[in-house]
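Peer 1: This structure is in structure tokens; I'll ask about it shortly.
Residue numbers (the working numbering): 146 to 566.
What follows is the structure, given as structure tokens:
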């Protein structure tokens, strides 16, 4: 994987080169072997903490010594980072992740495909079922199951009882085993909600919350508030995990001037497996840049069954990829649904990569400026510059300031102001 964070440099030297957003990070060897996978709410702060003088865990010095680079994948939220971390640990089985000894998985919600589907809260969903998840917030998932049973009467019993069950008699099941009614319509409504179309349901719960609040029944209103939060948590789009991800590569591109970065997110068996990135020379047309990359990249490796791109590619791209693979390759430019969220995530990571490239290019220019200055002054190097200035030299309130440049770049943490007596 690309984007190495140079562990031999001072931590502050690459501060601007790391994103201040959630995601996962991977400590790797030079041959790409993953030694450790971690998650972070703020990647910049978490990665820098590994290079502090007093690490917070005993294994960190050994991990840093054995690693050659640190790569990262940004996500839309800390929750997605949590799920992706778990998936990458199971994929790579890193040496320094103690979680390998923990075989727990996050829970799923599932609707069976029986004649009268039942709702399940489970860590091991059946293959023949509609599934949603995994959900790091298990409590929210349980709340939504209770809401679905109470609001729609979806059954959770293992067997159909002709005389009905206790859940039916207490109003938690519509009793399709006794009277079918509109049960299939209720199942379709639940599927739409779990797919993310929960606006009407949330509005209905919000009205109940407002009525309870107006009646000064604040405890009931608080319950409804928490329920709305749970529904939003569970029904939010899960970029990191989706049943539609099957041997799929998603391409993202980031461009700054003549610099470009291509990121490929690979997903299979319903989850994102990892990413790769490459620097490119951008010639003014993103379509041409992506097409050139696809032709080069898949000429030496087997294409996936599904290739996602942010913009349409030439019509013959699918035929060429299919001939390379030996079977049909579907090339899509999605505009909605889970596939477009995966493409957007690849694009976000590509923009982050090209921003890092631009920062490094700018740093190289500044270093050259410092070197040129050293030559003009007849010095061996000019890597550390301190400039002083006085705002005024008269009166009682005389103020001065200093700025510092290291390797031609401003070191703002070393800026100072002085009161001169």
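We treat Cβ as the ideally placed atom computed from N, Cα and C, and that holds for glycine.
Since we're looking at a predicted model, the values are computed, not measured.
What is the C-beta distance between residue 283 and residue 252, in whole angstroms, given that I count them as a contact (C-beta under 8 angstroms)?
Peer 2: About 5 angstroms separates the two Cβ atoms, so the contact holds.
Peer 1: Beta-carbon separation of residue 518 and residue 527 under 7 angstroms?
Peer 2: For residue 518 and residue 527, yes; Cβs fall inside 7 angstroms.
Peer 1: When the Cα atoms are used, what is the spatial distance from residue 277 to residue 482?
Peer 2: Whole-angstrom Cα-Cα distance: 14 angstroms.
Peer 1: Return helix, strand or coil for residue 432, following the three-state DSSP convention.
Peer 2: It is helical.
Peer 1: Could you work out which residue in 208, 455, 192 and 423 is closest to residue 181 when comparing CA atoms only?
Peer 2: Nearest C-alpha to residue 181: 208.
Peer 1: Could you check the C-alpha separation between residue 213 and residue 170 for me, to the nearest Å?
Peer 2: Whole-angstrom Cα-Cα distance: 13 angstroms.
Peer 1: For residue 165, count neighbouring C-beta atoms within 10 Å of its own C-beta (all shown protein chains included) and say buried if the count is 16 or more, exposed if not.
Peer 2: It counts as exposed.
Peer 1: Locate the beta strand (DSSP E) running through residue 547, then write down its first and last residues.
Peer 2: 543 to 551 is the extent of the beta strand (DSSP E) around residue 547.
Peer 1: Here's the rule: buried if 16 or more other CB atoms are within 10 angstroms of the residue's CB, otherwise exposed. What is residue 97?
Peer 2: Within the shown structure, residues of the chain are numbered from 146 to 566, placing residue 97 beyond reach of any answer.
Peer 1: Look at the alpha carbon of residue 395 and the alpha carbon of residue 560, and state the distance between them as a whole number of angstroms.
Peer 2: The straight-line gap from Cα to Cα measures roughly 44 angstroms.
Peer 1: Throw me the rounded Cβ distance for the residue 379 and residue 280 pair, which I believe falls under 8 angstroms.
Peer 2: With 8 angstroms as the limit, residue 379 and residue 280 qualify as a contact, their Cβ atoms being about 6 angstroms apart.
Peer 1: If you reduce the DSSP assignment to three classes, tell me which class residue 172 lands in.
Peer 2: Strand at residue 172.
Peer 1: Look at the alpha carbon of residue 268 and the alpha carbon of residue 471, and state the distance between them as a whole number of angstroms.
Peer 2: Taking the straight line from one Cα to the other gives about 36 angstroms.
Peer 1: Counting only the same chain and skipping the five closest in sequence on each side, list residues whose C-beta sits under 6 angstroms from that of residue 530.
Peer 2: Contacts found: 550.
Peer 1: Which residues in the same chain as residue 195 place their Cβ atom closer than 7 angstroms to its Cβ, once the five residues preceding and following it in sequence are excluded?
Peer 2: Hits under 7 angstroms: 205 and 209.
Peer 1: Leaving aside the five residues before and after residue 536 along the sequence, list all residues of the same chain whose C-beta is less than 8 angstroms from its C-beta, in chain order.
Peer 2: Result list for residue 536: 543, 544, 545 and 546, in chain order.
Peer 1: Nearest to residue 398 by CA position, among 429, 392 and 345, is which residue?
Peer 2: It is 429 whose Cα lies nearest to the Cα of residue 398.
Peer 1: How should residue 179 be labelled, buried or exposed, when 16 other C-beta atoms within 10 angstroms of its C-beta is the threshold for buried?
Peer 2: Buried, because 16 or more other Cβ atoms sit within 10 Å of the Cβ of residue 179.
Peer 1: Report the three-state DSSP secondary structure of residue 246 (helix, strand or coil).
Peer 2: Confidence at residue 246 is low in this model, with a pLDDT of 42, below 50, so its placement is unreliable and the value that follows should be read with caution. Reduced to three states, the DSSP call for residue 246 is helix.
Peer 1: What is the C-beta distance between residue 219 and residue 177, in whole angstroms, given that I count them as a contact (C-beta under 8 angstroms)?
Peer 2: Between residue 177 and residue 219 the Cβ distance is about 20 angstroms, and since that is not below 8 angstroms, they are no contact.
Peer 1: Between which two residues does the beta strand (DSSP E) containing residue 297 stretch?
Peer 2: That residue, residue 297, is in no beta strand (DSSP E); its alpha helix (DSSP H) goes 283 to 297.
Peer 1: How should residue 342 be labelled, buried or exposed, when 16 other C-beta atoms within 10 angstroms of its C-beta is the threshold for buried?
Peer 2: It counts as exposed.
Peer 1: Does the distance from the C-beta atom of residue 412 to that of residue 422 stay below 7 angstroms?
Peer 2: No, they are not a contact pair.
Peer 1: Quick one: Cα of residue 418 to Cα of residue 477, how far?
Peer 2: Answer to the nearest angstrom: the Cα atoms are 20 angstroms apart.
Peer 1: Between which two residues does the beta strand (DSSP E) containing residue 477 stretch?
Peer 2: Segment 475 to 477, the beta strand (DSSP E) holding residue 477.
Peer 1: Exposed or buried, which one is residue 532 when buried takes at least 16 other CB atoms within 10 Å?
Peer 2: Burial call: exposed.
Peer 1: Would you list, in sequence order, the uninterrupted alpha helix (DSSP H) runs of no fewer than 4 residues that lie entirely inside the stretch 339 to 369?
Peer 2: Taking only runs of at least 4 residues, the alpha helix (DSSP H) segments lying wholly in the stretch 339 to 369 are 344 to 359.
Peer 1: On the CB-based measure, 16 or more other CB atoms within 10 Å of its CB, does residue 216 come out buried or exposed?
Peer 2: Buried, because 16 or more other Cβ atoms sit within 10 Å of the Cβ of residue 216.
Peer 1: Leaving out five residues before and five after residue 153 in sequence, what residues of the same chain have Cβ atoms less than 7 angstroms from its Cβ?
Peer 2: Any answer about residue 153 is weak, because its pLDDT of 36 lies below 50 and its placement is not dependable; what the coordinates show is given next. Cβ neighbours of residue 153 beyond the five flanking positions: none.
Peer 1: Using DSSP with H/G/I as helix, E/B as strand and the rest coil, what is residue 518?
Peer 2: In the structure shown, residue 518 sits in a helix (DSSP, three-state: H, G or I).
Peer 1: Give the DSSP-derived three-state secondary structure of residue 241 in the structure shown.
Peer 2: Coil.
Peer 1: For residue 266, which residues does DSSP report across the bridge?
Peer 2: Answer is 254.
Peer 1: Helix, strand or coil: which one does DSSP assign to residue 438?
Peer 2: In the structure shown, residue 438 sits in a helix (DSSP, three-state: H, G or I).
Peer 1: In terms of alpha-carbon separation, which member of 336, 409, 445 and 305 lies closest to residue 455?
Peer 2: Here the closest residue by C-alpha is 409.
Peer 1: What does the alpha-carbon distance come out to for the pair residue 223 and residue 186?
Peer 2: When rounded, the distance between both Cα atoms is 5 angstroms.
Peer 1: Mapping the DSSP letters down to three states, classify residue 472 as helix, strand or coil.
Peer 2: Correct three-state label for residue 472: coil.
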